[in-house]
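1521 is the number that the working numbering gives to position 128 of the sequence shown; each next residue is one higher, with no gaps.
Think of the CB as a built atom: it goes at the ideal place given N, C-alpha and C, for glycine as much as any other residue.
Below: the structure, in structure tokens.
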Amino acid sequence: MKVLAFAATNSKQSINGQLVNYVASQFGEHQVEIIDLSHYEMPIFSIDREIENGIPQLALDFAQKIDESDLLLISFAEHNGTYTTAFKNIFDWISRIPNRTAFGDKNIFAMATSPGPRGGMGVLEAAVNRLPFNGGKIVGSYSLPSFGDNFSSEKGVSHPEKNEELQSKISEIKQIMNEVVIA
Ligand SMILES: Cc1cc2nc3c(=O)[nH]c(=O)nc-3n(C[C@H](O)[C@H](O)[C@H](O)COP(=O)(O)O)c2cc1C
1394 MKVLAFAATN SKQSINGQLV NYVASQFGEH QVEIIDLSHY EMPIFSIDRE IENGIPQLAL
1454 DFAQKIDESD LLLISFAEHN GTYTTAFKNI FDWISRIPNR TAFGDKNIFA MATSPGPRGG
1514 MGVLEAAVNR LPFNGGKIVG SYSLPSFGDN FSSEKGVSHP EKNEELQSKI SEIKQIMNEV
1574 VIA
């Protein structure tokens, strides 16, 4: 199985990057690719730009990465209650590519973390509610609150119950993906 993982942010010090890397490391028996959204920065989507210049090559490249994968691991950073501009811009551009859905009818494990106690629940809910309308099949979701207290670079998720919850979701997803591959 091919796994594509990314944090939905363009921050170099991303805490969602740390979370998604930790989760991706648990799919070591599969082919995992981790990508950085800062390599997909394009002009801000506008219908006028699309009409004038078409869809940027970087959007087509990003969509190809999705199309080549079986499972997406995405950890969403929350800016003002919703997606970061970096993610939303890519989302808007890839949603304009003809003859495909933005998320390519792929399975998605949607995650979020933030320094605060809500753990990015606003953006996570937005993604879980919206991505199915753009061809994303949500196979699990997970929020890690208060990242600074509950994650360490050595241990990963250090809060025992939150780590147990994560491990159980990862096992469920592996089971679902196993059934998808067998079917
Ligand atoms: C413009 C901006 C808006 C933010 N809005 C929120 C917010 O609504 N909720 C929240 O929990 N954190 C918010 N934060 C804090 C982010 O959660 C924090 O910067 C986090 O590190 C972002 O994730 P990242 O490191 O993966 O990019 C905001 C940060 C910025 C810079």
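Heavy atom of ligand 1 within 8 angstroms of residue i beta-carbon
i       : result
Gly1421 : no
Gly1549 : no
Asn1409 : yes
Ser1546 : no
Glu1434 : no
Ser1404 : yes
Thr1494 : no
Glu1471 : yes
Ala1503 : no
Ala1400 : yes
Arg1442 : no
Pro1491 : no
Pro1449 : no
Ser1536 : no
Arg1523 : no
Ser1439 : no
Pro1553 : no
Leu1431 : Leu is not the amino acid found at residue 1431; the sequence shown has Ser there. False, no ligand heavy atom lies under 8 angstroms from that Cβ.
Ser1507 : yes
CB contact flag (residue i, residue j, <9 angstroms)
i       : j       : result
Ser1507 : Glu1471 : yes
Phe1438 : Trp1486 : yes
Ile1483 : Leu1430 : yes
Glu1426 : Ala1400 : no
Met1504 : Leu1412 : yes
Ile1440 : Ile1490 : no
Leu1465 : Val1396 : yes
Selected residue, minimal CA-CA separation from residue i, among the options
i       : options                            : result
Leu1559 : Asn1571, Gly1528, Val1573, Ser1468 : Ser1468
Arg1493 : Met1435, Gln1457, Ser1546          : Gln1457
Asp1463 : Ala1452, Glu1565, Lys1530          : Lys1530
Val1521 : Gly1533, Gly1512, Pro1510          : Gly1533
Asn1500 : Gly1509, Leu1451, Asp1460          : Asp1460
Tyr1433 : Ser1407, Lys1481, Ile1444, Ala1417 : Lys1481
Thr1478 : Thr1402, Gln1419, Asn1571, Gln1424 : Thr1402
Lys1562 : Phe1420, Met1394, Asn1409, Leu1453 : Phe1420
According to DSSP, residues forming a beta bridge with residue i
i       : result
Lys1506 : In the sequence as displayed, the identity of residue 1506 is Thr instead of Lys. Leu1537.
Ser1468 : Ala1400, Met1504
Ser1561 : Beta-bridge pairing links Ser1561 to no other residue.
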